[in-house]
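The listed protein sequences derive, respectively, from chains A and B. Quick note: the first sequence uses my numbering, first residue 346, plus one each step. Quick note: the second sequence uses my numbering, first residue 32, plus one each step. Working notes, beginning with the structure itself.
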Amino acid sequence: MKSVLSDKRAIGVLLGPALLVYTLVMLLPMLWSLGYTFFTGSVLGGFEFAGFANFARFWNDPNSGPAVLFTIKYALVVTVGQIVFGYLLALLYTFFLKRASNVVRTLVFFPVVLPTVAVSLLFQKMFEFAPQTGLVNSVLNGLGMESVDWLGNPGTAFVVIAIMDIWRAMGFYGVLLYTGVIDIPDDVMEAARLDGAGTFSLIRRIVIPLSWPVIIAAGIFSINGTLKVFDSIYALTGGGPGSATTPLTLYMYRTAFAGGDYGYGSTIALMLTIMCLLVTVAIFRSTARNSKEFS
Amino acid sequence: MFHSTSRARRTVLTAAAAAVVAIGLAACSSGGSGAGSSAKEFTFLAINENSTIPTVLTSLSENECAAENKALPLKINKQAQASLDQQLQLLGGQNALPSAFVSPNSPDLLKELDSAGKVTDFTGTDVEKSIVPVALSGVHTLYDDKTLVLPTELNIEGIWYNKALLEKAGVSEPTSWESLKDSFATLDSAGVQPISAAGKGGDGWGVTRWVGAYIYRTLGPDALKKISDGSAKLTDPEYADAANVVAELGSSGYFGPSPSSIDYATALNQFLTGQAAYYYMGSWAVSAFNDPEQNKIGADNIGFLPFPAVSGGKGSADQTPANVGTDIAFSKSAYDGDEKVKSWASCIAANYGAAALREGQITGFAVNGDVEVPPLTQLVQTEIADSGETVQWFEALFGPAATTASQTNGGPLGSGQLSGSDFMNTVQSSITN
């Protein structure tokens with residue numbers, strides 16, 4: 346094996362085709378898209394070099410600011426929700442349900458395998474205000490409260506999106522974080538218990554620090570997913586009411602595809618990529634600091 | 032030995048790389064959909080929201096255009112109206128437009144397709160001679176004096192009302208904007224939802240039509256042309272006022288509790304089941320009004336009111352919002368490259384008018400033969416014949432981005448969540464960008 350891997354030709358043969366396909370279907374379109382950021386025009390009328398005009402336009406565009414803010418708000422709330430609820434589930438599986446957690450894990454994981462559009466339609470019906478009264482409003486009416494136009498108001502529409510996406514993904518993060526929590530050596534836990542640590546003290550001082558790397562990994566997963574959210578919002582609110590729940594991805598999609606403005610659409614995509622990179626780097630940096638504190 | 036093995040390896044590597052590149056390129060290339068001379072089918076791209084065109088085309092393929100259909104069988108594909116423009120841009124960019132298709136929501140896009148040489152201009156052809164003058168004038172207004180579409184609809188727009196609901200609330204047919212507004216209040220206090228309007232997602236044009244009509248009545252028939260040529264802005268106070276008036280109707284609840292949750296089909300259903308008194312809509316809805324399955328309030332219970340004049344305004348009620356509605360365009364390469372496609376176009380032009388009228392749809396084609404039509408269709412024919420100057424709809428002269436901005440924000444405007452000024456700011460910024 347060693348002789349095969351030290352042979353450059355063998356490496357070329359093994360990696361070459363995959364690298365070529367990756368270059369064709371990933372790198373090339375990415376570079377192409379990067380190139381589009383310096384052009385204006387459309388596929389029909391042709392493209393013209395525009396220098397940094399698209400970037401200046403992004404800066405002055407009254408729609409880009411709210412889209413960036415919504416993206417950040419959504420990413421923060423949903424990432425925190427997914428990780429916190431996922432971690433609580435992991436603790437529940439490990440310390441309370443123990444061996445009986447299989448059934449619960451499967452049930453909680455179930456929304457992950459459901460198609461996003463199906464989940465969105467389910468939530469649309471559940472939170473419907475008009476023309477029919479949905480389940481949630483029926484319950485409110487039953488309790489003597491007024492119906493709420495959940496998807497018709499920016500604030501409540503955000504709440505429904507956040508609930509849906511946290512519910513949909515917490516099973517996945519529960520399983521991911523569970524693998525980190527069960528990896529903690531039993532003798533460390535035992536020693537802490539002998540030293541008189543209670544359940545909460547054990548979680549705070551032993552479980553969280555020792556599972557921190559997997560929490561960070563889950564956080565990076567989640568924040569990159571939530572910054573790039575598209576399908577759930579597109580299917581649930583279509584970015585509405587108006588453009589109140591329009592993240593950058595949806596704004597990019599509308600600009601590039603509905604508006605045919607690929608240059609500006611690519612610029613929005615590049616901004617989103619930069620945002621994802623900055624957030625990931627920030628998380629890695631804070632992780633490095635935290636690991637030093639814990640060690 | 033070593034050399035020959037090395038050469039063999041290089042050959043295998045090169046062949047493998049070439050195969051991968053070929054597969055990649057094949058995956059990236061487009062599959063033409065019938066454009067060009069080798070088309071095996073007459074492909075037509077329809078929209079889910081319009082069932083009349085596919086019905087009439089199917090009827091033609093079985094009757095008047097049976098010979099054309101035998102030579103080149105009709106194949107209809109459908110998709111959502113909201114993503115039609117996007118689909119046509121992509122297909123146009125890949126030279127893969129279907130033989131014929133419902134024209135884009137934004138007339139600007141069809142002009143762009145024309146500039147790129149992708150659509151047929153029927154100007155001066157025999158096909159154009161089948162189009163009646165009022166429809167041809169509407170087509171030329173939209174497409175810079177070119178006949179880029181065949182008018183499979185000819186519509187007037189206005190306010191349809193439920194006679195029984197008005198009578199029950201003691202409201203007589205309003206004759207001015209002021210009396211119309213008063214009637215909203217009367218109906219509302221009588222527990223009747225005054226207006227049925229769609230505002231969900233891209234269906235917000237159900238609300239923005241009110242803005243456009245009010246602008247024409249207050250600022251005159253050239254008001255929106257001034258926006259498209261840049262000599263006025265939607266944020267100018269007199270334009271913003273129109274949106275504010277509609278936002279006020281919304282905050283008073285006249286469009287119902289949540290127009291943002293109501294789509295086109297639901298709004299139509301609300302009116303046709305007696306849940307709302309007024310419904311601003313184009314005459315394309317008359318085919319639904321004439322359908323007893325859909326219309327539960329009775330066709331004779333529906334009246335038509337041209338959008339009334341606003342006191343002190345520069346416009347008048349006889350300036351009728353008229354358009355060629357959902358019309359169809361032909362791919363230039365399919366039309367020029369295939370005589371069978373040309374035959375289809377000629378057959379459609381010659382026979383569509385009568386076939387559609389049998390379905391209750393008035394079109395911009397001359398009708399070959401007598402067709403008996405229901406009273407509501409007759410009413411629309413009379414209104415079209417009597418209409419003076421015609422005007423367009425709110426977004427008619429906007430580009431795709433501004434059209435999307437307007438239509439997606441129509442819902443919040445109609446529910447009073449968005450002020451008129453904010454609405455106009457949003458749309459104007461999309462025009463400017």
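We treat Cβ as the ideally placed atom computed from N, Cα and C, and that holds for glycine.
According to DSSP, what are the bridge partners of Gly525 of chain A? Within the first sequence, residue 525 of chain A is the residue found at index 180, counting from 1. DSSP lists no partner for Gly525 of chain A.
What separation, rounded to the nearest whole angstrom, lies between the Cα atoms of Gly451 of chain B and Val202 of chain B? As a working mapping, residue 451 of chain B is identified with position 420 in the second sequence. As a working mapping, residue 202 of chain B is identified with position 171 in the second sequence. Spanning the two alpha carbons is a distance of roughly 28 Å.
CB Pro135 of chain B to CB Ala475 of chain A, shorter than 8 Å? For the purposes of this step, residue 135 of chain B is taken as the residue at position 104 of the second sequence. For the purposes of this step, residue 475 of chain A is taken as the residue at position 130 of the first sequence. Not a contact, by the Cβ cut-off of 8 Å.
Would the beta-carbon of Ser291 of chain B fall within 8 Å of that of Gly442 of chain B? As a working note, residue 291 of chain B is residue 260 in the second sequence. As a working note, residue 442 of chain B is residue 411 in the second sequence. Yes.
DSSP state of Asn382 of chain B, grouped into three classes? Taking the second sequence and counting its residues from 1, one reaches residue 382 of chain B at position 351. It is helical.
Measuring only the C-alpha atoms, how far is Ser282 of chain B from Gly445 of chain B? Within the second sequence, residue 282 of chain B is the residue found at index 251, counting from 1. Within the second sequence, residue 445 of chain B is the residue found at index 414, counting from 1. Rounded to the nearest angstrom, the two C-alpha atoms are 8 Å apart.
Kindly examine the ligand MG and report whether one of its heavy atoms sits closer than 7 Å to the Cβ of Ala308 of chain B. Judged by which ligands are present, the structure shown has none, so any question about the ligand MG falls away.
What ranges does the alpha helix (DSSP H) occupy inside the segment 307 to 380 of chain B, keeping only unbroken runs of at least 4 residues that lie completely in it? 317 to 320, 363 to 368
Since Thr582 of chain A contacts Thr590 of chain A with CB under 8 Å, what's their CB separation in whole angstroms? In the first sequence, the residue the question calls residue 582 of chain A occupies position 237. In the first sequence, the residue the question calls residue 590 of chain A occupies position 245. Between Thr590 of chain A and Thr582 of chain A the Cβ distance is about 5 Å, and since that is below 8 Å, they are a contact.
Should the segment 158 to 167 of chain B be regarded as contacting the segment 370 to 385 of chain B, the criterion being three or more beta carbon pairs within less than 8 Å? Touching, yes.
When you compare the segment 220 to 237 of chain B with the segment 299 to 316 of chain B, are there three or more beta-carbon pairs, one atom per stretch, that lie closer than 8 Å? yes
Residues in the segment 139 to 160 of chain B with C-beta within 9 Å of chain A's C-beta atoms, listed in sequence order? Leu140, Glu143, Leu144, Ser146, Ala147, Lys149
Compare the C-beta of Ser483 of chain A with all C-beta atoms of chain B and state if any pair is closer than 8 Å. The sequence position of residue 483 of chain A within the first sequence is 138, counting from 1. Using a CB distance cut-off of 8 Å, Ser483 of chain A does not count as an interface residue toward chain B.
Closer than 8 Å between beta carbons: that is the criterion. Which residues of the segment 583 to 600 of chain A meet it against chain B? Gly583, Gly584, Gly585, Pro586, Gly587, Ser588, Ala589, Arg599, Thr600
Compare the C-beta of Gly63 of chain B against all C-beta atoms of chain A and say whether one is closer than 8 Å. Within the second sequence, residue 63 of chain B is the residue found at index 32, counting from 1. With a pLDDT of 42 at Gly63 of chain B, under the threshold of 50, the predicted position of this residue should be treated as unreliable, and no value is reported.
Which complete alpha helix (DSSP H) runs does the segment 433 to 507 of chain A hold, if anything under 4 residues is left out? Fully enclosed alpha helix (DSSP H) runs of no fewer than 4 residues occupy 446 to 458, 461 to 471, 480 to 487 of the segment 433 to 507 of chain A, in order along the chain.
What do you get for Asp510 of chain A, buried or exposed, if any count of 16 or more other CB atoms within 10 angstroms of its CB means buried? Taking the first residue of the first sequence as position 1, residue 510 of chain A is located at position 165. Counting Cβ neighbours within 10 Å, Asp510 of chain A comes out buried, since at least 16 surround it.
Which residue wins for smallest C-alpha separation from Asn440 of chain B, given the options B:Ala278, B:Gln350, B:Ala308, B:Trp315? Within the second sequence, residue 440 of chain B is the residue found at index 409, counting from 1. Considering only alpha carbons, the answer is B:Ala278.
Note the first and the last residue of the continuous beta strand (DSSP E) segment covering Pro225 of chain B. By one-based count along the second sequence, residue 225 of chain B stands at place 194. From DSSP, the beta strand (DSSP E) with Pro225 of chain B extends over 224 to 226.
Grab me the residues of Cys59 of chain B's own chain with a C-beta within less than 6 Å of its C-beta, minus the 5 sequence neighbours each way, in chain order. By 1-based counting over the second sequence, the position of residue 59 of chain B is 28. Per-residue confidence for Cys59 of chain B stands at a pLDDT of 43, beneath the threshold of 50, marking its modelled position as unreliable; the derived number appears in the next sentence. There are no such residues.
Whose C-alpha, out of B:Ile328, B:Asp322, B:Tyr311, is nearest the C-alpha of Thr304 of chain B? On the second sequence, residue 304 of chain B is found 273 positions in, with the first residue counted as 1. Taking only the C-alpha atoms, the option nearest Thr304 of chain B is B:Ile328.
Determine the burial state of Ala401 of chain A: buried for a count of at least 16 other Cβ atoms within 10 Å of its Cβ, exposed for fewer. For the purposes of this step, residue 401 of chain A is taken as residue 56 along the first sequence, with counting starting at 1. That one is exposed.
Whose Cβ in chain A lies nearer than 8 Å to the Cβ of Gly123 of chain B? Numbered from its first residue, the second sequence carries residue 123 of chain B at position 92. Those within 8 Å of Gly123 of chain B in chain A are Val388, Leu389.
Over what stretch of residues does the beta strand (DSSP E) that includes Thr74 of chain B continue unbroken? By 1-based counting over the second sequence, the position of residue 74 of chain B is 43. Its beta strand (DSSP E) spans residues 73 to 78.
Taking C-beta pairs closer than 9 Å, name the residues in chain A that Ala4 of chain B reaches, listed in chain order. In the structure displayed, chain B extends from 32 to 464; residue 4 of chain B sits before or after that span and is not available.
Quick one: what does DSSP say Ser61 of chain B is sitting in, helix, strand or coil? The count along the second sequence starts at 1 and reaches residue 61 of chain B at position 30. Low confidence applies here, because Ser61 of chain B scores a pLDDT of 41, under 50, leaving its location unreliable; read the following figure in that light. The answer is coil: DSSP assigns Ser61 of chain B none of H, G, I, E or B.
Are the CB atoms of Glu198 of chain B and Arg240 of chain B nearer to each other than 8 Å? Here residue 198 of chain B refers to the residue found at position 167 when the second sequence is read from its first residue. Here residue 240 of chain B refers to the residue found at position 209 when the second sequence is read from its first residue. Contact: no.
So if DSSP puts Trp191 of chain B in a beta bridge, which residue, or which two residues, is it bridged to? Along the second sequence, read from residue 1 onward, the residue named residue 191 of chain B stands at position 160. For Trp191 of chain B, which the question treats as bridged, DSSP gives the partners B:Tyr310, B:Phe335.
Minimum Cβ-Cβ distance from Val458 of chain B to chain A less than 8 Å: Here residue 458 of chain B corresponds to residue number 427 of the second sequence, with the count starting at 1. Not one chain A Cβ lies under 8 Å of Val458 of chain B.
Close-in-space but distant-in-sequence residues of the same chain around Pro499 of chain A (CB under 6 Å, 5 per side omitted): Position 154 of the first sequence holds residue 499 of chain A. For Pro499 of chain A, where only same-chain residues beyond five positions count, the Cβ hits under 6 Å are Ala589.
Going by DSSP, name the residue or residues bridged to Gln110 of chain B. As a position in the second sequence, residue 110 of chain B is number 79, starting the count at 1. Answer by DSSP bridge pairing, in chain order: B:Ile78.
Do you know how far the Cα of Asp576 of chain A is from the Cα of Gly604 of chain A? As a first step, residue 604 of chain A is located in the first sequence; it is residue number 259 there, counting from the start. As a first step, residue 576 of chain A is located in the first sequence; it is residue number 231 there, counting from the start. Those two C-alpha atoms are separated by around 19 Å.
Closer than 7 Å by beta-carbon distance: list the chain B residues that pair up with Pro558 of chain A, in chain order. As a first step, residue 558 of chain A must be located in the first sequence, where it is residue number 213. Against chain B, the beta carbon of Pro558 of chain A has no neighbour under 7 Å; the closest one sits roughly 37 Å away.
Which residues in chain A have a C-beta closer than 7 Å to the C-beta of Gly449 of chain B? List them in chain order. Indexing the second sequence from 1 puts residue 449 of chain B at position 418. The amino acid at residue 449 of chain B is misidentified as Gly; the sequence shows Leu. Under a criterion of Cβ atoms nearer than 7 Å, the residues of chain A adjacent to Leu449 of chain B are, in order, Gly587.
Continuous beta strand (DSSP E) stretch holding Phe392 of chain A: start and end: Here residue 392 of chain A is taken as the residue at index 47 of the first sequence, counted from 1. Where Phe392 of chain A is concerned, the enclosing beta strand (DSSP E) starts and stops at 391 to 394.
Mind listing the chain A neighbours of Asn440 of chain B? Cutoff is C-beta to C-beta under 9 Å, in chain order. Your numbering for residue 440 of chain B matches position 409 in the second sequence. Under the 9 Å cutoff, chain A gives Gly585, Pro586, Gly587, Ser588.
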